[in-house]
Amino acid sequence: MTAIKSLLNQMSIEEKIAQLQAIPIDALMEGKEFSEEKARKYLKLGIGQITRVAGSRLDLKPKEVVKLVNKVQKFLVENTRLKIPAIIHEECLSGLMGYSSTAFPQAIGLASTWNPELLTNVASTIRSQGRLIGVNQCLSPVLDVCRDPRWGRCEETYGEDPYLVASMGLAYITGLQGETQLVATAKHFAAHGFPEGGRNIAQVHVGNRELRETFLFPFEVAVKIGKVMSIMPAYHEIDGVPCHGNPQLLTNILRQEWGFDGIVVSDYDGIRQLEAIHKVASNKMEAAILALESGVDIEFPTIDCYGEPLVTAIKEGLVSEAIIDRAVERVLRIKERLGLLDNPFVDESAVPERLDDRKSRELALKAARESIVLLKNENNMLPLSKNINKIAVIGPNANDPRNMLGDYTYTGHLNIDSGIEIVTVLQGIAKKVGEGKVLYAKGCDIAGESKEGFSEAIEIAKQADVIIAVMGEKSGLPLSWTDIPSEEEFKKYQAVTGEGNDRASLRLLGVQEELLKELYKTGKPIILVLINGRPLVLSPIINYVKAIIEAWFPGEEGGNAIADIIFGDYNPSGRLPITFPMDTGQIPLYYSRKPSSFRPYVMLHSSPLFTFGYGLSYTQFEYSNLEVTPKEVGPLSYITILLDVKNVGNMEGDEVVQLYISKSFSSVARPVKELKGFAKVHLKPGEKRRVKFALPMEALAFYDNFMRLVVEKGEYQILIGNSSENIILKDTFRIKETKPIMERRIFLSNVQIE
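full-length UniProt numbering puts the first residue of the sequence shown at 1, with every later residue one more than the last.
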């Protein structure tokens with residue numbers, strides 16, 4: 001008998017259920033002190049997880065966090081019968097959510113780097129900082145494929161394409177779980193990024209084929225290749241079945257088809273929503289039974305449906321104890337793999353005063369630089385000379401450190417000081433050219449109708465040689481999940497993106513467009529810097545500006561990174577992971593559309609403003625010498641794709657070579673093209689490199705008209721370009737025969753730069 005089985009056999013029903021529960025750290029505190037009295041109330045039978053010690057509103061410094069974690073574990077070891085420690089979980093989307101932890105660019109920005117190795121390094125840093133303070137599980141990465149940017153959580157994703165999302169998600173999981181294991185949590189399972197009307201938790205309308213090929217694909221890669229240790233279901237429902245109560249998703253597909261052997265944790269209050277929102281359970285007991293039997297092992301963030309309602313259900317014989325044992329065993333095995341059963345304590349002497357050290361800031365700067373996308377550069381407006389006389393820096397996001405951060409950062413989420421230096425755009429520019437050359441005015445708010453700041457902004461614009469307008473959005477959680485806040489409340493808060501902040505229009509909010517128009521009237525050239533979390537509709541103002549820099553929410557080093565690009569100390573290399581529409585009414589709009597999705601609207605075509613994969617550079621690249629071998633292959637073989645890329649400009653830079661595949665004819669309607677590989681290549685002026693893709697035919701598998709996963713025979717086009725629309729090199733190959741794939745194990749191409 002294994003140690004886990006032995007432990008399970010000793011447990012009472014109440015002790016078993018305790019392992020399926022989580023409790024927020026706040027519930028165990030009296031002010032800022034750990035309360036043994038409260039611990040005896042909530043932890044007397046043990047506990048599965050502790051919710052958010054570092055990322056709570058207790059505002060604890062790293063050393064305080066560790067002392068508290070050790071007190072909790074000490075209580076569990078010394079005051080519970082079976083001495084089972086708890087898993088400590090935390091948010092880690094763009095950095096560990098904790099005081100003084102490093103704030104990296106938001107996920108949509110990290111995706112814009114098209115650099116999986118960089119993402120692994122970022123996640124490894126998050127892991128190191130988390131382990132220092134006792135975190136065992138991170139509630140990241142978000143593997144949702146964002147097909148509707150009105151959705152506020154678009155910023156948390158790696159974009160619109162399943163291949164890119166899978167690649168970046170796999171890189172993140174690799175870094176986060178690492179050798180010193182910490183549990184990564186892939187979420188939100190599944191299709192959360194395509195809600196009806198772009199509204200969070202609304203139903204999702206997808207068929208089984210699209211669900212599997214687009215929205216499940218990144219999770220399948222995470223499970224089979226990344227060995228992710230935890231999955232979190234989504235809030236919404238698909239075809240009437242909420243994800244938290246969906247055994248087809250959580251058991252049949254996840255465990256039986258894919259072989260997942262980790263834990264499934266609920267999204268916060270996701271089980272209660274089975275009753276409160278979806279109405280598929282008439283009370284908390286029914287919700288608990290439905291979730292548990294469907295495959296949800298632990299309830300987050302607090303003891304609710306998996307508390308007394310579940311205990312009562314067992315005592316009344318409404319749920320099998322074998323179902324409980326199944327979930328408890330999974331939880332205990334994860335604790336065993338983490339080493340918690342042997343030693344749950346954290347070395348207090350190893351904890352620094354601050355987590356954000358010099359090396360971490362250097363990585364944050366590198367990530368921010370690579371995340372920035374140059375969208376427009378009319379007549380080579382950029383880079384600017386540092387010898388310029390006067391610069392007017394104007395806009396609501398020009399000098400607000402809070403607005404440089406995404407929704408699941410310490411400050412962005414809790415609206416309290418993060419204890420780190422956050423460099424604004426104004427500060428970054430002033431460092432480059434000196435404060436004496438820089439004029440500043442806020443001009444207006446993110447939202448709201450006040451134009452009180454216009455006159456000051458216009459006045460300094462007239463004195464300047466160039467205007468840098470810094471506009472966009474502010475990220476955070478909503479003031480209310482159900483009601484529209486009052487104008488006065490919103491004026492103070494103004495978060496317009498992030499979880500729960502869904503938008504009906506993607507134009508710049510408030511009077512930002514009007515301010516740009518007034519600045520344009522001064523006749524001074526305008527460089528627009530966007531700090532935001534989703535694609536925005538820029539067509540109304542694109543002709544007012546000479547250059548556009550998409551910086552997303554760039555994190556703590558964002559201001560320095562943006563200044564590096566403005567003045568040419570770094571050549572922009574970011575590429576869009578998501579399409580920018582001409583108009584909100586075009587949504588959903590993504591590059592891998594079906595052949596039938598081509599028709600225009602009345603008075604508007606169906607093309608985007610900026611397409612997936614797009615991004616400009618200060619240098620130019622030349623593609624040549626495409627070779628494809630062999631030209632005819634079997635369905636379980638692979639082809640080699642070779643090409644040369646040369647920097648023919650005057651500045652060193654990075655090119656993102658993108659490999660797309662298109663099939664001439666198929667048994668079912670297929671996307672017009674699909675990303676199947678990419679390579680980020682650094683080149684000095686005049687330098688040429690050879691890029692080699694090894695493309696397995698199994699990576700081209702899709703579900704046929706009988707819903708069989710097959711590699712289908714026929715002619716395929718190879719499309720090589722620097723965006724999904726700008727295809728530079730083409731060739732074809734043939735697959736000889738159709739082959740069903742019983743269990744897919746190969747998903748991604750391999751790439752080498754010679």
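Just so you know, even glycine gets a beta-carbon here, dropped at the ideal spot from N, CA and C.
Test item: CB-CB of residue i and residue j under 8 Å
{"i": "residue 404", "j": "residue 531", "result": "yes"}
{"i": "residue 367", "j": "residue 611", "result": "no"}
{"i": "residue 142", "j": "residue 156", "result": "yes"}
{"i": "residue 766", "j": "residue 224", "result": "Since the first residue of the chain shown is 1 and the last is 754, residue 766 is not available in this structure."}
{"i": "residue 30", "j": "residue 54", "result": "no"}
{"i": "residue 735", "j": "residue 656", "result": "no"}
{"i": "residue 188", "j": "residue 233", "result": "yes"}
{"i": "residue 84", "j": "residue 76", "result": "yes"}
{"i": "residue 741", "j": "residue 731", "result": "no"}
{"i": "residue 159", "j": "residue 222", "result": "no"}
{"i": "residue 108", "j": "residue 154", "result": "yes"}
{"i": "residue 62", "j": "residue 355", "result": "yes"}
{"i": "residue 231", "j": "residue 254", "result": "yes"}
{"i": "residue 549", "j": "residue 466", "result": "no"}
{"i": "residue 18", "j": "residue 28", "result": "no"}
{"i": "residue 715", "j": "residue 637", "result": "no"}
{"i": "residue 500", "j": "residue 200", "result": "yes"}
{"i": "residue 537", "j": "residue 583", "result": "yes"}
Residue from the options whose Cα sits closest to the Cα of residue i
{"i": "residue 297", "options": "139, 61, 20", "result": "20"}
{"i": "residue 272", "options": "745, 719, 243", "result": "243"}
{"i": "residue 23", "options": "37, 16, 705, 47", "result": "47"}
{"i": "residue 12", "options": "325, 658, 159", "result": "325"}
{"i": "residue 659", "options": "595, 701, 749", "result": "749"}
{"i": "residue 713", "options": "451, 666, 445, 361", "result": "666"}
{"i": "residue 542", "options": "552, 557, 525", "result": "525"}
{"i": "residue 392", "options": "124, 500, 464, 332", "result": "464"}
{"i": "residue 520", "options": "353, 682, 462", "result": "462"}
{"i": "residue 443", "options": "469, 563, 123, 406", "result": "469"}
{"i": "residue 494", "options": "477, 566, 515, 583", "result": "477"}
{"i": "residue 580", "options": "147, 34, 74, 663", "result": "147"}
{"i": "residue 587", "options": "574, 575, 605, 572", "result": "605"}
Cβ neighbour criterion (16 or more within 10 Å) applied to residue i
{"i": "residue 191", "result": "buried"}
{"i": "residue 376", "result": "buried"}
{"i": "residue 585", "result": "exposed"}
{"i": "residue 609", "result": "buried"}
{"i": "residue 101", "result": "buried"}
{"i": "residue 555", "result": "buried"}
{"i": "residue 546", "result": "buried"}
{"i": "residue 706", "result": "exposed"}
{"i": "residue 283", "result": "exposed"}
{"i": "residue 400", "result": "buried"}
{"i": "residue 106", "result": "buried"}
Straight-line Cα distance separating residue j from residue i
{"i": "residue 323", "j": "residue 539", "result": "55 Å"}
{"i": "residue 68", "j": "residue 341", "result": "19 Å"}
{"i": "residue 629", "j": "residue 639", "result": "6 Å"}
{"i": "residue 227", "j": "residue 260", "result": "8 Å"}
{"i": "residue 691", "j": "residue 615", "result": "20 Å"}
{"i": "residue 620", "j": "residue 688", "result": "12 Å"}
{"i": "residue 285", "j": "residue 613", "result": "48 Å"}
{"i": "residue 708", "j": "residue 214", "result": "16 Å"}
{"i": "residue 383", "j": "residue 398", "result": "19 Å"}
{"i": "residue 179", "j": "residue 127", "result": "10 Å"}
{"i": "residue 648", "j": "residue 416", "result": "48 Å"}
{"i": "residue 646", "j": "residue 617", "result": "14 Å"}
Below-8 Å beta-carbon distance, residue i vs any chain B residue
{"i": "residue 79", "result": "No chain B appears in this structure, which consists of one protein chain only."}
Same chain, Cβ closer than 7 Å to residue i, five either side skipped, listed in chain order
{"i": "residue 281", "result": "274, 275, 287, 290"}
{"i": "residue 181", "result": "337, 338"}
{"i": "residue 347", "result": "none"}
{"i": "residue 350", "result": "132"}
Cβ neighbours of residue i in the same chain (closer than 8 Å, five flanking residues each side left out)
{"i": "residue 668", "result": "209, 702, 703, 704, 705"}
{"i": "residue 379", "result": "546"}
{"i": "residue 51", "result": "22, 23, 24, 25, 89, 300, 301, 302"}
{"i": "residue 70", "result": "134, 345, 346, 348"}
{"i": "residue 266", "result": "232, 233, 244, 291, 296, 298, 299, 300"}
Close-in-space but distant-in-sequence residues of the same chain around residue i (CB under 6 Å, 5 per side omitted)
{"i": "residue 671", "result": "592"}
{"i": "residue 626", "result": "643, 729, 731"}
{"i": "residue 682", "result": "654"}
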